[in-house]
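Working notes, structure below.
Chains as they are written, first to last, in UniProt numbering: chain A, 1 to 453; chain B, 1 to 453.
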């Protein structure tokens, strides 16, 4: 399928931060959207009117009169009910979609698409835009024929139909789900000029399902049972090893996302939900859970999802996604249209619990201001933040830094790189920086790009 | 468009509750789903195993072995990423859709479709299933050309583009939205045998937008300005009168629902959000807000959305949706498959704030037990409740009763009817009753139907 968006790829920063943090935009400089000012801004002269406000839309009596005329939509009937028994977005939103990087994985059956974070609002990801990650393509499973087996070191091996599962007590919670490879391409330096590419391997939805602990108690864990091995019914046979303590905590088996049945791309008819932990543990198309005395050493926890350290050893079982944040607006898909008031916006989240606070810097980390939250603050879920910013048009370096309720502070990239080197792929949760080019900078004025230091 | 589901219409209850509450199912007795027991329930004999548990899925070693074989999905690759850049539900879920009653309104351009509440989970309604209500069809508006005007008794008439609106501080909140005609068909007696028909004129999503108070302050309300008149750009020119105090409270102008742009059916590109109040005030395709000294007396607040009282007068300006609740499972779309343990589930909500508690009766209101909540409890949003029920197979009458944080208790239907008669159409928020037919009742055993008393 042809992707209509030009991939914007920035070269790596050539010099260190202290040497000026210059960076170059290479390839297409086209931007997908613009931060627009109303042209008539300076015409505003009402009593007490603050011209520095975010908008200045008064445009004189004539234009008001024009705008108040009945438009085309008033003069024709629209379409009727049930044109879309299951609705779809407006055709004007057709560019808001999941996208992949063609070069990222060699095969569409074992690849990923990213959620367009820069186009989203609030903390809920609509089901149609939830990121995808498959290891063997997406099966279309008949829920009437699907079974979940719990076996191994249990008192009573159990077989569940979908109806059986729905008859257990239910739980509905809003959680983010994040691939540990989110940001993988940024370990060695900046590569990608869109928050959809740097952070889009995650989504946040409301899941409904059955507590895993209820099912495991029903089966009765034998004393020697210390690990669970969930396994998917798809061609990949995805499996992971999860310690029993974690499994008995707040995990559940979801049959719904955002109110309706799971989507196929997210594991229809059932997937495991492991709140706060990396997404590959959230096994999709879940067909069995084996209770075991030792971890499984499955291929997806040896060949993949391990972290190659500078000394050549590999970190394994890095379950939790540490606190992370990103400014989504403005970000490289946008272009500043002039100095003025902006509201910096973004997402913060933590696999360890709730977001406690978020600080924002516009000068590359020299000074910080606390942002406020514009959404509910929920456990292991996205939190939206916002901060007023009067941009004077000079070069700026936008950064966000989250602190979670455990006190963990999101590190800068040099600190993360110093500890883990640059050969690692997973759990790159350090801060990112958006460089805003000075307004007077010729044709690049107002451009926003991903830089590192 | 052909609706594949047979409409199930029950005749009105013929006798009063005290005379036995008999009711008859008329027309098709087909049910859309069933509450299934695993057939092998009685085979369970593990140590400590409680056969009365909701499920009893142990089915012997042979079946476990069979189920553990690799199934069809394991043996073939599924489809790859970006088959659906904007995703859709599994084809197995195609019956989960918005539906209308053909006889309810004479024209599809001024009609309604209902959300399939019995098929939903959690508190978020997916955008594709959000109920629809149009007065003049759905326009497809180009957001680049759309304008919002604030004028009338203001210091500074203002014109906003969509980009202008997005540059204001944002707010993201989860709220229910409900047509005051929800339940309208039930005033005189029971008519409809599905919770999609009795309560489906509502949904609950996360909205993101701009506080209305910020925009009104920007315009500067003149001292004589006491009402706002929001008006839509569609063929219906929907308008309502809203007192300034209410407008300055927690209203906002939404450009997003569940993360993405509003759907056309819900007002793309912008709609007013009036939390807790009847949905017709949430003007869609919002094109202007006139500040006025008196209410407008628009046709939609004189011919419609007024409540005809027994004495012939009409109640007007019934803004708030009072506390309400309904059991969605089991409900008339399901059929009990035998005595055993069930978890009664439903939705509660209040236009006045948070849900405080929900009681459930299985004996038609003689005795009550408190349900627990299985979702976050948010302001003016749906709350999910659940209660364990050991059904002995005898006739039962299921009811739920919500109390909100103001202390308001949901009334029984006779009380509401005594006050408001039966000619009213709107704000029927009284309790409903689902009759469960006794298990031994021949072919009707386990059927569930909507009854009144």
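All C-beta atoms in this analysis are idealised placements derived from N, C-alpha and C, irrespective of residue type, glycine included.
For the pair the segment 290-303 of chain B and the segment 145-156 of chain B, tell me if three or more CB-CB distances fall below 8 Å. yes
Give the residues of chain B in contact with residue 97/A, contact being defined as C-beta atoms less than 7 Å apart. 85 and 86
Within 8 Å of any Cβ in chain B, is that where the Cβ of residue 292/A sits? Residue 292/A does not count as touching chain B.
Residue 107/A - containing beta strand (DSSP E), residue span: Careful: residue 107/A lies outside any beta strand (DSSP E) and carries neither H nor E.
Among the candidates 309/B, 366/B and 274/B, whose CA atom is the shortest distance from the CA of residue 321/B? In this structure, 274/B is the residue among 309/B, 366/B and 274/B with its C-alpha nearest to the C-alpha of residue 321/B.
Minimum C-alpha distance to residue 264/B - residue among 83/A, 71/A and 63/A: 83/A
Keeping to the same chain, check which residues put their C-beta closer than 6 Å to that of residue 374/B; ignore five residues upstream and five downstream. 384 and 386
Which ranges would you report for the alpha helix (DSSP H) in the segment 72-115 of chain B if only whole runs of at least 4 residues count? 72-75
May I ask you to report which of helix, strand or coil DSSP gives residue 415/A? helix
Excluding five sequence neighbours on each side, which residues of the same chain lie with their C-beta closer than 8 Å to the C-beta of residue 397/A? Answer for residue 397/A: 21, 361, 362, 363, 364, 365, 433, 434, 435, 436 and 451, listed in chain order.
Along chain A, which residues have their Cβ under 8 Å away from the Cβ of residue 121/B? Within 8 Å of the CB of residue 121/B, the CB atoms of chain A belong to 170, 172, 208, 255, 256, 259 and 260, in sequence order along the chain.
Is it the case that the Cβ atoms of residue 172/B and residue 113/B are separated by a distance below 8 Å? no
At a CB-CB cut-off below 9 Å, which residues of chain B make contact with residue 392/A? The premise fails here: residue 392/A is roughly 17 Å from chain B at the closest Cβ pair, so nothing lies under 9 Å.
Do residue 349/B and residue 382/B come within 8 Å of each other at the CB atom, strictly closer than that value? yes
Just list the residues that DSSP pairs residue 260/B with in beta bridges. 257/B
Counting only beta-carbon separations shorter than 8 Å, does residue 464/B have a partner in chain A? Residue 464/B is absent from the structure shown; chain B starts at 1 and stops at 453.
How many angstroms separate the CA atom of residue 239/B from the CA atom of residue 316/B? 15 Å
According to DSSP, which residues form a beta bridge with residue 219/A? Per DSSP, none; premise fails for residue 219/A.
Note down, in chain order, each residue of its chain lying with its Cβ closer than 6 Å to the Cβ of residue 105/A, except the 5 sequence neighbours on either side. Taking C-beta separations shorter than 6 Å and ignoring five residues to either side along the sequence, the partners of residue 105/A in its chain run 111, following chain order.
Helix, strand or coil at residue 321/A according to DSSP, with G and I counted as helix: coil
With distance defined between alpha-carbon atoms, name the residue in 342/B, 441/B and 323/B nearest to residue 406/B. 323/B
May I have the straight-line CA-CA distance separating residue 300/A from residue 116/B, to the nearest angstrom? 39 Å
Can you tell which of 79/A, 341/A and 92/A has its C-alpha closest to the C-alpha of residue 388/A? 341/A
Output the boundary residues of the alpha helix (DSSP H) element that contains residue 198/B. 195-199
Going along chain B, which residues have a C-beta under 7 Å from residue 79/A? 137 and 138
What's the gap between the Cα of residue 258/A and the Cα of residue 246/B? 30 Å
Beta-carbon neighbours of residue 130/A, restricted to chain B and to distances below 9 Å: 87
State the start and end residues of the unbroken alpha helix (DSSP H) segment that holds residue 162/A. 162-166
Beta-carbon spacing of residue 347/B, residue 325/B below 8 Å: yes
Alpha-carbon to alpha-carbon, residue 445/A and residue 24/A: Confidence at residue 24/A is low in this model, with a pLDDT of 22, below 50, so the placement of that residue should be treated as unreliable; the coordinate-derived value is given next. Using only the alpha carbons, I get a separation of about 13 Å.
At what residues does the alpha helix (DSSP H) containing residue 144/A begin and finish? Segment: none, residue 144/A is in no alpha helix (DSSP H) and carries neither H nor E.
Classify residue 188/B as buried or exposed, calling it buried when 16 or more other Cβ atoms lie within 10 Å of its own Cβ. exposed
So, for residue 354/B: in the same chain, excluding its five sequence neighbours on each side, which residues have a beta-carbon less than 6 Å away from its beta-carbon? 377, 379 and 405
Tell me whether residue 424/A sits in a helix, a strand or coil according to DSSP, three-state version. coil
Let me know the alpha helix (DSSP H) ranges lying completely inside the segment 277-324 of chain B, each 4 residues or longer, listed in chain order. none
What does the alpha-carbon distance come out to for the pair residue 235/B and residue 77/A? Straight-line Cα distance between these residues: approximately 6 Å.
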